[in-house]
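So the structure is just underneath, and the comments pick up after that.
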Amino acid sequence: MKPLRLAVVGFGRVGQICAELISLSHDLSLAAIVRRAASAEGTLPEILRSIPVTTHIGQARDVDAALLCVPTNAVMETAVQILQHGIPIVDCATLHGEALRAHKNAIHKAAFHHRAPAIVGAGWDPGALSVFRSWFALLTPGGATETRHRTGISLRHTTMARSVVGVRDALCAEVRATDGRLQRYVYVELEK
4 MKPLRLAVVG
14 FGRVGQICAE
24 LISLSHDLSL
34 AAIVRRAASA
44 EGTLPEILRS
54 IPVTTHIGQA
64 RDVDAALLCV
74 PTNAVMETAV
84 QILQHGIPIV
94 DCATLHGEAL
104 RAHKNAIHKA
114 AFHHRAPAIV
124 GAGWDPGALS
134 VFRSWFALLT
144 PGGATETRHR
154 TGISLRHTTM
164 ARSVVGVRDA
174 LCAEVRATDG
184 RLQRYVYVEL
194 EK
């Protein structure tokens, strides 16, 4: 059986991990990495150096599907561009509630119009975390299920801060304050 040829669109932390895992798979093949023009010439990890790097999905050859590993605010525009080429997509946008419903509806409309399949919300949350929550609720029908979001670093806000012109590197940390509110701290290293 011929391996499924995937393009990874976006090469932040999620995109890089996806690309590395696909390249190690026996039933998947990495067809291309699609990066922003500003970072297209960047160095790739050794395992990925033979993979074509493009700045637009239209430049990639023989792509069966695309994994969207871009920041949430860029997913819709990127998804529509890829669907216009008739390429199926898988996105992992971090949206909830009404925003997720609106996102799914818009993607569905574009996918239906261009006759290309789309999988929406395939990441951790929504995605696998929702499945785990459901399983735990089934396992403890008389119990209570509670989700606590702990302190985290290098969140999607890091990616957004890094995309600002003049910022060389960035790190975002999220900490719960004593009054219970979440506080985000963004540390940036400016270009010289």
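Residue numbering for the sequence shown follows our numbering, starting at 4 and increasing by one per position.
Ideal placement from N, C-alpha and C gives every residue a C-beta, glycine not left out.
All figures in this text were calculated on a predicted structure; none of them were measured in a lab.
Restricting to Cα atoms, I'd like to know which of the options is closest to residue i.
{"i": "Ala102", "options": "Gly89, Ala131, Asn76", "result": "Asn76"}
{"i": "Ala34", "options": "Asp65, Gly45, Glu44, Gln19", "result": "Asp65"}
{"i": "Ile90", "options": "Thr81, Glu194, Ala131", "result": "Thr81"}
{"i": "Val56", "options": "Leu142, Phe14, Leu132, Ala164", "result": "Phe14"}
{"i": "Pro48", "options": "His116, Arg165, Ala22", "result": "Ala22"}
{"i": "Val78", "options": "Gly126, Ser28, Val168, Ala180", "result": "Gly126"}
{"i": "Ala119", "options": "Ala105, Val83, Glu149", "result": "Val83"}
{"i": "Ala10", "options": "Arg16, Leu31, Thr143", "result": "Leu31"}
{"i": "Leu71", "options": "Val12, Thr143, Ser137, Gln62", "result": "Val12"}
{"i": "Val17", "options": "Pro74, Ala180, Leu86", "result": "Pro74"}
{"i": "Val37", "options": "His59, Thr143, Ile54", "result": "His59"}
Give the DSSP bridge partners of residue i, in chain order.
{"i": "Ile92", "result": "Ala69, Ala121"}
{"i": "Cys175", "result": "Val189"}
{"i": "Arg8", "result": "Ser32"}
{"i": "Val170", "result": "Leu193"}
{"i": "Gly100", "result": "For Gly100, which the question treats as bridged, DSSP gives no partner whatsoever."}
{"i": "Thr57", "result": "Val37"}
At which residues does the alpha helix (DSSP H) containing residue i begin and terminate?
{"i": "Leu24", "result": "16-27"}
{"i": "Ile85", "result": "75-87"}
DSSP three-state label for residue i, please.
{"i": "Ala180", "result": "coil"}
{"i": "Val252", "result": "Residue 252 cannot be examined here, being either before or after the span of the chain that is shown, 4 to 195."}
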